[in-house]
Each structure stands twice: as structure tokens, then as C-alpha cells.
Amino acid sequence: MGTIFYSWQVDRPKINCRNFIERALQSAIDRLKADIELEESLRDGLELDRDTKNVPGSPSIFDTIMQKIASASIFVPDLTFVGQRDNGRPTSNPNVLIEYGYALHKPGPLRILAVMNDLYGEPTNLTIPFNQVHRRFPITYTLAEDANDEERKAEKKSLTAKFENALRAIFESAEYVQEQASHIPSAMDVAALHQRDMEYEQALSSLGWGEGAHKVRENAKTLFAAIKTRCDEVESTFGFGVGCGWEASQRENFSCVMRNHSLGVIVGWEQPRLDSLEDARLRVREYKGRLYLPGEFTGGHIQPAKMVGEAVYSATLSRDYALGWVKAGKRRDEPSFISNDDLAETCVTQFLNLLRKE
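Using our numbering, the letters of the sequence shown correspond one by one to residues 83 to 440.
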């Protein structure tokens, strides 16, 4: 299986268009790669590509993109409306439309999955270009720039499911299966895959020491900040009487605490050596009993809280070389990869589920 090429635009805010679409598309790809019911030959090599990603040096951007589109298995353009023509009809980003036109030739119309944020206008016979009217309308979602975390999470879940279903339909089609069966990888194809695998393994290895270990430590701080942001938003909206705090320590270990009066969750980063990730772990522990925020004055006798559950994570990289996490015992590469945003959401949700059981 080849690549899924994503054609993005920046005329609309990244937070609810470019980056949001890319995260949902990557989540859909991860689900397909993890689906053992999907034929292994179809799952192997599935990856998300865009612009000049992974192309070294200073290549011609236009030529590189056109070459990538022609060799891609599927083309996903963001056709969100970004402006108006002289006649008042809305228009999509012109660069994306050029790439869309090229993709109609190869990989072809049956391999195009257009997407739109219809907050900026819905696709109709009167709004989309004439050469798209007789084709399937784009996948749509609705998300404002200032949407809250719950709205963003719900819309991402919905868009991910739409992408997954649409991609699966293509991969399981007789036309696609037949084409893949007839394609015999060349020596250069196999060599290129092997080269990417070696570069990725080298990048994973470099996380374990020196500058890599420092970057992981800073990423843990970014995770804790994301957890606090989500927890504070829950408290400001619902007033459950919960608190969250974390410390930026120069010591080997530091933690983020979420708690109410009788239970809580501690997300702790343990790093025995600052210049190495040997034995380094991110632990998410559930407690029954009173917990205190970092630096909070306790006063008097402290009755230790009882740990009732634990999950352990290690640092890793996505295939895009983004820092993230993987559950202990899992493979360090995708589809086990967990981003900071997703793990922050998981940790806060875990804490809230403790509250529900109280």
C-alpha cells in the first residue's frame, strides 16, 4: 500500500482546518494499520504524506508535490472555502485546486477524498466548481476556531470515522485489490522503504541519550501543561471541586496532580539520569485518599493515599518524527503512538471516571 497525500491550505486557521484535518486523517490511518481484519498486504506501508515532507535539501516545491501526488494511492485535498470570486460564489484555495486537478489524472477520481470545514460554506451545486458537481461531494465537518475541547474532541471523532470508512471502502474495492496484486515492487521501492525504516530506527535510538533525552523531558512538561489546561477547563465549566497542578523541577522526577478531596491521579515523569532515558518512565497512577498539589501546604499529619491503579508509558516518535508516548510493552512505532494531546485527554478522562465511581 502506498501513501495518502494530504493537500492543505492556510487561508483558514490551522487549529480548525489544516492541523485538525491532519490529526483526524492520521488517526484514521492508525486505526486501519491496527485492524488485523484488513489484509496485511494492504496495511503495510500505509502512511500520511504532504508537501515536501521527508525530501532532503531544497527541492522544487511544485515539482515535488506533483510527483508525490502522481505516486500516491489516495489524494485528500482540503477544499474548505477561503474566499469569493467576482460573481460572489465561494472558492477554495487556488493551490489546492491546482493539485486537485492534477490528481484527477493520477491517482484518479476514484482515489480522491476531498474534505471541507463547512463552517465557511457548505458544498452545493451552486458553490463548488463545475467540474466537481457530478462527483461525490466532499467529506464535511463543522468546527469553529474557538471551539472548546469537548466540541473539538467530538468533531475529531466524527471526522476520523468518516475518513476511516472512506479509506476502507477504497482499500477493499475490487479495483484497488486487483491493482495492488498486480504491482510488483521494484528494487528501488524496497530499498527506499528500507532506508526510511533505518532512518526511523536511528531517530528512535537517538532519543535515549544527550539532546534526545532533554527533548523528551521538555515534552513531558508540555504534556503536563496540556493536562492542566484540560482539567482547568472541566472545573471552570462544571465546578466539580477538582484541582490540578504541576511542577517544573530541575530534579530527575516531577509530576502533575489532579485531585478532589478524596481521590486523584498523579502523572509522574521519572528519569534517573538527566542525560539518558535508561529506566525513564511516565507513570499514571490512581489514588484513593487525599492528594496535595505540588507546593501545596498540607499542615498537620498526612495520611498517605492508597494507589489503586497504574499505567506506564515510554517516550517514542511517530513516523513523522513527532515526540509522543507508547504504553509499556507495546511497539514504539505507530500505530501504538500516542500524541501529547491524546494522552492529556486520556489522563483527564481517567481522573473524571474515578470521580464517577466515587
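The beta-carbon is built from N, C-alpha and C at its ideal position, and this holds for glycine as well.
I want to know whether the region 216-235 touches the region 84-92 - three or more CB-CB distances under 8 Å.
no
Which value, in whole angstroms, describes the spacing of the CA atoms of residue 192 and residue 162?
20 Å
Determine which residues share a DSSP beta bridge with residue 336 and list them.
351
Which residues share a DSSP beta bridge with residue 394?
365
Checking contacts by CB at 7 Å: is residue 296 closer than that to chain C?
Among the protein chains of the structure shown there is no chain C, as only one such chain exists.
How would you label residue 279, buried or exposed, when you count the other beta carbons within 10 angstroms and need 16 or more for buried?
exposed
Find out if the Cβ-Cβ distance for the pair residue 360, residue 391 is shorter than 7 Å.
no
Just verifying my parser: in three-state terms, what is the DSSP assignment at residue 385?
coil
Excluding the 5 residues preceding and the 5 following residue 246 in the sequence, name in chain order all residues of the same chain whose CB lies nearer than 6 Å to its CB.
For residue 246, where only same-chain residues beyond five positions count, the Cβ hits under 6 Å are 110, 113.
What does the alpha-carbon distance come out to for the pair residue 431 and residue 334?
Residue 431 and residue 334: Cα-Cα distance of roughly 27 Å.
Have a look at 238, 345, 352 and flag the residue whose alpha-carbon is nearest the alpha-carbon of residue 439.
345
Let me know the secondary structure DSSP gives residue 197 once reduced to three states.
strand
Expressed to the nearest angstrom, what Euclidean distance is found between the alpha-carbon atoms of residue 252 and residue 238?
The alpha-carbon separation between residue 252 and residue 238 amounts to approximately 21 Å.
Which value, in whole angstroms, describes the spacing of the CA atoms of residue 105 and residue 144?
24 Å
Is the region 266-279 close to the region 293-302, with three or more CB pairs under 8 Å?
no
Give me the residue from 343, 337, 108, 342 with the minimum Cα distance to residue 352.
337
I need the straight-line Cα distance from residue 176 to residue 167, nearest angstrom please.
11 Å
Look at the alpha carbon of residue 188 and the alpha carbon of residue 156, and state the distance between them as a whole number of angstroms.
9 Å
Count the other CB atoms within 10 Å of the CB of residue 208; is the residue buried (16 or more) or exposed (fewer)?
Classification for residue 208: exposed.
With a cut-off of 8 Å on the beta carbons, I'd call residue 88 and residue 128 a contact; round off their distance for me.
About 13 Å; that fails the 8 Å criterion.
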